[in-house]
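Okay, so here's the structure we're looking at.
Number of protein chains: 4
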Amino acid sequence: MSSEFGHLLKVSVFGQSHGKAIGVVMDGLPAGEAVDLAQLNAFLDRRRPGKSALSTARREADAPLFLSGLENGVTCGAPLCAIIENSDQHSSDYRELADKPRPGHADFTAWVKWGGSADMRGGGHFSGRLTAPLCIAGGIAKQILARRGVFVGAHLASVGTEEDAAFPLHPTAELLDAVAAKAFPVLEDEAGARMQQAILAARQAGDSLGGVVECAAVGLPSGLGGPMFDGVENRLAAALFGIPAVKGVEFGAGFAAARSTGSANNDPFAVRDGAIVTTSNHAGGILGGITTGMPLTLRLAFKPTPSISKPQQTVSLSRMEPAELVIRGRHDPCIAHRAVPVVEAVTATVLLDLLLEGNHGNF
Amino acid sequence: MSSEFGHLLKVSVFGQSHGKAIGVVMDGLPAGEAVDLAQLNAFLDRRRPGKSALSTARREADAPLFLSGLENGVTCGAPLCAIIENSDQHSSDYRELADKPRPGHADFTAWVKWGGSADMRGGGHFSGRLTAPLCIAGGIAKQILARRGVFVGAHLASVGTEEDAAFPLHPTAELLDAVAAKAFPVLEDEAGARMQQAILAARQAGDSLGGVVECAAVGLPSGLGGPMFDGVENRLAAALFGIPAVKGVEFGAGFAAARSTGSANNDPFAVRDGAIVTTSNHAGGILGGITTGMPLTLRLAFKPTPSISKPQQTVSLSRMEPAELVIRGRHDPCIAHRAVPVVEAVTATVLLDLLLEGNHGNF
Amino acid sequence: MSSEFGHLLKVSVFGQSHGKAIGVVMDGLPAGEAVDLAQLNAFLDRRRPGKSALSTARREADAPLFLSGLENGVTCGAPLCAIIENSDQHSSDYRELADKPRPGHADFTAWVKWGGSADMRGGGHFSGRLTAPLCIAGGIAKQILARRGVFVGAHLASVGTEEDAAFPLHPTAELLDAVAAKAFPVLEDEAGARMQQAILAARQAGDSLGGVVECAAVGLPSGLGGPMFDGVENRLAAALFGIPAVKGVEFGAGFAAARSTGSANNDPFAVRDGAIVTTSNHAGGILGGITTGMPLTLRLAFKPTPSISKPQQTVSLSRMEPAELVIRGRHDPCIAHRAVPVVEAVTATVLLDLLLEGNHGNF
Amino acid sequence: MSSEFGHLLKVSVFGQSHGKAIGVVMDGLPAGEAVDLAQLNAFLDRRRPGKSALSTARREADAPLFLSGLENGVTCGAPLCAIIENSDQHSSDYRELADKPRPGHADFTAWVKWGGSADMRGGGHFSGRLTAPLCIAGGIAKQILARRGVFVGAHLASVGTEEDAAFPLHPTAELLDAVAAKAFPVLEDEAGARMQQAILAARQAGDSLGGVVECAAVGLPSGLGGPMFDGVENRLAAALFGIPAVKGVEFGAGFAAARSTGSANNDPFAVRDGAIVTTSNHAGGILGGITTGMPLTLRLAFKPTPSISKPQQTVSLSRMEPAELVIRGRHDPCIAHRAVPVVEAVTATVLLDLLLEGNHGNF
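Protein chains in written order, with my numbering: chain A, 340 to 702; chain B, 340 to 702; chain C, 340 to 702; chain D, 340 to 702.
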């Protein structure tokens, strides 16, 4: 079992919600890359909780502390390690959970796998808090990619049954930036308003909502990836399912393609400004596991936050009998909007790894 | 770039559509496992083309030849290599394709990546024919799993807009066998009839259809997998996107969970016959990347076969100008129904790999 | 490029000599394993410098700080991260080195690979100081192994031309402990006295000495490892060459076997107390990449410390012309005796990884 | 357990001595590389047995059959699979071995690990015959390397106590070719004559001899590899220990460095023809796990062939009592001279993998 992904660039995440610190090691980063800390902190802020009634009140101080890998703000070729200290390590709220696994959480499976040794408090190693170090890695990757004309951005495509518009055929870097700058990352603010209302309604009902995040990467060269098991989709999917609560991933038209016809779904080739493009992009920028040079698009399904305040049916592990569980404290009634930068982060990290391998199969 | 997946059990596929042979190497198979060749051949027959008007007329002789790894029909601990000889290696039909990439195929991306060296004829290393060696690996894995009470089965959940019923909460091994025995692998034969009509209609229109395959694995112990990037979903997705034409994967409720609420989507725990179960299975048998012991369920979106006989817009690579392409020959108007055993094969292989690691995190 | 080794148990090291901290992430540790901190610190003390005239005066405070992976002193299944803060981060002594690569050091190759981005000060990521986090990992692995009757120990087999005795055919845990407890880790103290004199003489001459470390592991089950590229020797060698200054590794009789005959080198099998043993152990406990159950023995060649105070010939990178270099400051005139616990650490970590895979090829 | 090595270029070997065929899969080969079959067969001939009284009389037809990966003699980017059919698959000679493990062979450890399932006949997956597919991979790698000015060659440095001269400081491609062309691959033919006499004497005594192979690679760029666990030495050692009978590996001065002083062992830097070189090469072309641009040199210790005709002490596995074993048939009295091209092959394959990653740490 591994908390790591990547080939030439390996990213390894560590930490539990209530340990001393959480962090990330990036091994294989190219040297000589400046890391703009202000820009990185601004990126980290996008996933931070406690900013509105839409998310948990818990305060995090997510300023990363760099232990290695940077010299005067520039990567030096050695593994980069950055940590975030946990200011709030007490765990009294979680005592009841040790015996009553929360439905939809990993409490039960962690108990099966690790028994009494498992740190269930606050989700242990499964905690959404571990997406913070992922964002450190991804924020750095995004800066390195942007320097090469590759831009990664995402938006909240839906919450419950409320839907945002989809990205246009050619999202621009400006559009991606504009969405990122919004407090609620949607393309159409009216859709965003409806989503926020739905989230608040779910909170008032002691319930929660799922959502979908759409992510795009523009400026990628064609030729990245490969066929079979090491393609762009394989590698992105393998990493993206590491984001807590993700239950589905699709590229381009995805599941909609399964309802379509070949004549409608095939993307015709054309020549534009001396380059070969496709005039539609149902492939999501990937054919045969290899980038086409068109925007890479993917969509991720996030399940509703399992922590709800409504009473739930569970079992007592010690007595092996039914038990009712009421989860106390404040919890995010929806995680999908805060997951938007996390999706960008993981996508950017995988794409940087692919770029390091290059896009040609000869040498 | 790699044509391999797996951790303790590595599966590596080789071959091009028009080379001498295609094959598979399985490294890390447990020793002492009998391989029932009749059962394996019956499994391979399920994906074989040419059986009806629904699929291409091309004949394949898919009887595998075992070069290593078996002693008297039993695995011996050494890597197993099995090949299937290509009887039909001529490639004249594909000459036009060298200059005009087929929309929806990997011709263009292969040309970018490997230039003139790429074997585009018949799809090269991207060919659906490579799913045959995958089925050899998966057929062997299925036999080893079945001996331990783990059964993997799949059905065609939809073709275009025609839908089969979903698997019940607890699919039995008998149900999985019954679907596998059908010429058209659906749960409800009436739905199957509609699907077949839709496929034939697409063929007559010179078009093609996509579809969805649902797969289930029953009898898995709880505790397999792990959090973050090496979980059951990560590893299955990484391998499943290696099946040609897959554009999406979801586990349990998947994208439907994103439209749901926590109170509806959370699976309540209960005690049944001394074991902890959930009374619904929106999680698809996986929480926090670890199996719960409930049936593992997943759905895969297959895009419509890109080879259609309708004229299509493409470009001439040599002249960098628009070109029309008409693909000749007979091609599958839908690949999803033939992909059903392939999905079982890849799923079974990954699950065997996970089982070899065991389900406990202590030792 | 990777600062990591291991399969089921991945160990990743980070830090530069003059960064904020150095550390290690262990991913895949079994859960429920107590870590005795006093015992761990005692182990770390064995490699610490500044204890005598034989090593550099630089003070290190090597007490590890655990950021994750432990709950109440017991492993919890999540990745364990431990760091050691660098108290002494100034780097003024190293300014000259930026232009004049030290012979025998990685200054030149780091400059080629990473250019001006490379952190050359104090050896950067190549620093012997990174063996401290390796010892944290190995010290924990040793505790877990000892609980299962597997003991790993090493001694200084030679310094320059002065040689210690070799381990007996069956080193006991007591013998391994006794050597570990010595200030100078040799089997024969008279040989140790000669070695120390040789080291002091080298220091007085402004020179340095190499040495050989012999390591043994007793109590291993037979059946660990496998043939070809994933055998016990392959995996140990791959990790052991990660220790700075190692230029050779041999198992059992090693290079002496190359001068021997089959009749002398083959280890006859015999039955002792109901178990199959060999009556000699030229194989070093490994046949065909798989453990025999006899003690595993290996020897590592350490080159002389490249930092010597004698003037040396080098070049000025900026002017591409010859230059003389005098390395100032105090440096270890021999590294081999301090490397003894490091060799134990890496060996123990690899063996724990192998044990996690088990020793049988069926399941 | 894995029969594979490599990162971007993965090489996987399969086959047992008495199966239908043995073979190799190379995944990640660059496309567009011509494979000169005549040259490849000439290379394979160098390891073939039966050429003289010095080796076994068993005939092998080692002409490789390419199943995939080549188009008109040029690599196409898809995995290359080549097999060699086993003409001689009967195994009657090996019946006694099933109960009496041969000292020095993997019979015992294979029995422990795989029990009755293990194919012990002729060494199973441990057989020296599997070095033939390794030579196919290495022969192809050597051709690709030579096209880029990198030449890999080896010679027999010693047999028993008879020693050849060492490679000069700068072996030329011509020198490497000249040694390769010899029936007995030594630098000094007089030394070779003594070695051959020693081998014949060992055969007459029913015994066998070990030996050492020295390998060099010239023309490598500086900057390949990296520090810690993914360095050039780590990766070469991990693969080289996959060659049967290897018990030690050293780079540059290796174990001799351990008996030396820093002032003697450090390689001074100098400028020659505008390039930075070292005036000696005790480092074997590697500093800090990274190539210096000087010739890479390594030495491998091969133990004496364990198959000797003298009676040996073993045990009966079924009766758990002492037994005498006399191995019949003809066996190589020394394997080291036939291992020379195998060492070149594995070294070349690893170096090609490293070259594919490039020699710079930025991008």
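Glycine is no exception: its CB is placed at the ideal position from the N, C-alpha and C atoms.
State the CB to CB distance for the pair Lys481(B) and Ala687(B), rounded to an integer number of angstroms; the pair is presumed to be in contact (CB under 8 angstroms).
-> Here the question's residue 481(B) lines up with position 142 in the second sequence. Here the question's residue 687(B) lines up with position 348 in the second sequence. Contact flag correct, Cβ pair sits at about 5 angstroms.
How many Å lie between Ala485(A) and Gly632(A) at the Cα?
-> Here residue 485(A) refers to the residue found at position 146 of the first sequence. Here residue 632(A) refers to the residue found at position 293 of the first sequence. When rounded, the distance between both Cα atoms is 16 angstroms.
DSSP three-state assignment for Arg397(C), whether helix, strand or coil = As a position in the third sequence, residue 397(C) is number 58, starting the count at 1. Only weak support is given to the placement of Arg397(C): the predicted model assigns it a pLDDT of 48, under 50, and the value that follows is read from those uncertain coordinates. Three-state DSSP puts Arg397(C) in coil, outside helix and strand.
Anything in chain A within Cβ reach of Ile625(C), meaning under 9 angstroms, just list it in chain order.
-> Counted from its first residue, the third sequence places residue 625(C) at position 286. Going along chain A, no residue has its Cβ under 9 angstroms from Ile625(C), so there is no contact; the nearest lies around 27 angstroms.
How would you write the range of the beta strand (DSSP E) that Asp366(C) sits in, first residue to last?
-> The sequence position of residue 366(C) within the third sequence is 27, counting from 1. Asp366(C) -> beta strand (DSSP E) spans 360 to 366.
Would Leu548(C) count as contacting chain G if we go by Cβ distances under 8 angstroms?
-> Among the protein chains of the structure shown, namely A, B, C and D, there is no chain G.
C-alpha gap between Pro403(B) and Ser351(B), whole angstroms = For the purposes of this step, residue 403(B) is identified with residue 64 of the second sequence, where counting begins at 1. For the purposes of this step, residue 351(B) is identified with residue 12 of the second sequence, where counting begins at 1. If you take the alpha carbons of Pro403(B) and Ser351(B), they lie about 15 angstroms apart.
For Gly492(C), which of Arg533(C), Thr470(C), Phe344(C), Pro634(C) has the nearest alpha-carbon?
-> Taking the first residue of the third sequence as 1, we reach residue 492(C) at position 153. If we check each option's Cα against that of Gly492(C), Pro634(C) comes out closest.
Three-pair Cβ contact test at 8 angstroms for the stretch 498 to 506 of chain D versus the stretch 550 to 558 of chain D = yes
In the DSSP assignment, what are the bridge partners of Gln652(B)?
-> One-based indexing of the second sequence puts residue 652(B) at position 313. Gln652(B) is bridged to Glu663(B).
Return the bridge partner residues of Val557(B) from the DSSP annotation.
-> By one-based count along the second sequence, residue 557(B) stands at place 218. Answer by DSSP bridge pairing, in chain order: Phe490(B).
Should Leu508(A) go down as buried or exposed, given a rule of 16 or more other Cβ atoms within 10 Å for buried?
-> By one-based count along the first sequence, residue 508(A) stands at place 169. By the 10 Å Cβ count, Leu508(A) comes out exposed.
In the stretch 498 to 529 of chain B, which residues sit with their C-beta less than 7 angstroms from some C-beta in chain A, listed in chain order?
-> So the close ones are Gly499, Thr500.
Could you check the C-alpha separation between Gly601(D) and Gly408(D) for me, to the nearest Å?
-> Locating residue 601(D) in the fourth sequence gives position 262, counting from the first residue. Locating residue 408(D) in the fourth sequence gives position 69, counting from the first residue. C-alpha of Gly601(D) to C-alpha of Gly408(D): approximately 49 angstroms in a straight line.
Can you list the residues of chain B that Leu695(C) reaches, using a CB-CB cut of under 8 angstroms?
-> Taking the first residue of the third sequence as 1, we reach residue 695(C) at position 356. Simply Phe702.
Anything in chain B within Cβ reach of Glu589(A), meaning under 7 angstroms, just list it in chain order.
-> Here residue 589(A) refers to the residue found at position 250 of the first sequence. Residues of chain B passing the Cβ test: Lys586, Gly587, Ala640.
Measure the Cβ-Cβ separation of Leu624(C) and Leu559(C) and say whether it is below 8 angstroms.
-> On the third sequence, position 285 is the one that residue 624(C) refers to. On the third sequence, position 220 is the one that residue 559(C) refers to. Correcting the residue identity first, residue 624(C) is Gly in this sequence and not Leu. A contact, by the Cβ cut-off of 8 angstroms.
Three-state class that DSSP yields for Leu406(A) in the structure shown | In the first sequence, the residue the question calls residue 406(A) occupies position 67. Note: Leu406(A) maps to strand in three-state DSSP.
Is the number of C-beta pairs between the stretch 640 to 654 of chain B and the stretch 668 to 679 of chain B that are closer than 8 angstroms three or more?
-> yes
Cβ shell of Arg487(B) (< 8 angstroms), same chain only, five flanking positions each side left out = Reading the second sequence from its first residue, position 148 is the one you call residue 487(B). Correct list, in chain order: Gly558, Leu694.
Residues in its own chain within less than 7 angstroms of Gly562(C) by CB, not counting five upstream and five downstream?
-> Sequence index remark: in the third sequence, residue 562(C) carries index 223 (1-based). Ile629, Thr630, Asn698, His699.
Less than 8 angstroms between the CB atoms is what I'm expecting for Ala445(C) and Gly593(D), so what's the real figure, rounded?
-> Position 106 of the third sequence, counted from the start, is the residue given in the question as residue 445(C). Position 254 of the fourth sequence, counted from the start, is the residue given in the question as residue 593(D). The pair is not a contact, with the Cβ atoms about 18 angstroms apart (cut-off 8 angstroms).
Are any of the Cβ atoms in chain B nearer than 8 angstroms to that of Lys452(D)?
-> Counting from 1 along the fourth sequence, the entry for residue 452(D) is found at position 113. At least one chain B Cβ lies under 8 angstroms of Lys452(D).
Helix, strand or coil for Arg611(A), going by three-state DSSP, please let me know.
-> Counting from one through the first sequence, the residue named residue 611(A) turns up at place 272. Reduced to three states, the DSSP call for Arg611(A) is strand.
Contact check, Leu579(B) vs Ile422(D), beta carbons under 8 angstroms = Position 240 of the second sequence, counted from the start, is the residue given in the question as residue 579(B). Position 83 of the fourth sequence, counted from the start, is the residue given in the question as residue 422(D). No; because the gap between Cβ atoms is not below 8 angstroms, this pair is not in contact.
Straight-line gap, Phe523(C) to Gly531(C) (C-alpha atoms, nearest Å) | In the third sequence, the residue the question calls residue 523(C) occupies position 184. In the third sequence, the residue the question calls residue 531(C) occupies position 192. When rounded, the distance between both Cα atoms is 7 angstroms.
Starting from the N-terminal side, write out each stretch of the beta strand (DSSP E) that is 3 residues or longer and does not extend beyond the stretch 546 to 595 of chain D.
-> 550 to 557, 585 to 590
Just the chain C side, please: which residues come within less than 7 angstroms of Ala480(D) by C-beta, in chain order?
-> Start at 1 with the first residue of the fourth sequence, and residue 480(D) comes out as number 141. Simply none; closest approach about 15 angstroms.
Got a sec: is the Cβ-Cβ distance from Gly467(D) to anything in chain B below 8 angstroms?
-> As a first step, residue 467(D) must be located in the fourth sequence, where it is residue number 128. Not one chain B Cβ lies under 8 angstroms of Gly467(D).
Just the C-alpha distance for Leu656(C) and Val610(D), rounded to the nearest angstrom, thanks.
-> Here residue 656(C) refers to the residue found at position 317 when the third sequence is read from its first residue. Here residue 610(D) refers to the residue found at position 271 when the fourth sequence is read from its first residue. Going from the Cα of Leu656(C) to the Cα of Val610(D) covers about 10 angstroms.
Rank Arg667(B), Leu575(B), Ala520(B) by C-alpha distance to the C-alpha of Arg441(B) and give the top, closest one.
-> Translated into positions along the second sequence, residue 441(B) becomes position 102. The option with the nearest alpha carbon to Arg441(B) is Arg667(B).
Taking a Cβ distance cut-off of 7 angstroms, strictly less, list which residues of the stretch 400 to 422 of chain C are near chain B, in chain order.
-> Gly416
CA-to-CA distance, Asn620(C) to Val451(D), given in whole angstroms | Residue mapping note: residue 451(D) aligns to position 112 of the fourth sequence, counting from 1. Residue mapping note: residue 620(C) aligns to position 281 of the third sequence, counting from 1. When rounded, the distance between both Cα atoms is 18 angstroms.
Where Ala445(C) meets chain D, residues with beta-carbon distance less than 9 angstroms = On the third sequence, residue 445(C) is found 106 positions in, with the first residue counted as 1. Those are Pro566, Leu626, Gly627, Gly628, Ile629, listed as they occur along chain D.
Proximity below 8 angstroms, CB of Met365(C) to CB of Ile479(C) | As a first step, residue 365(C) is located in the third sequence; it is residue number 26 there, counting from the start. As a first step, residue 479(C) is located in the third sequence; it is residue number 140 there, counting from the start. Taking 8 angstroms as the Cβ cut-off, Met365(C) and Ile479(C) qualify as a contacting pair.
Residue range of the unbroken alpha helix (DSSP H) whose run includes Arg542(C) | Residue numbering aside, residue 542(C) sits at position 203 when the third sequence is read from its first letter. Residues 528 to 543.
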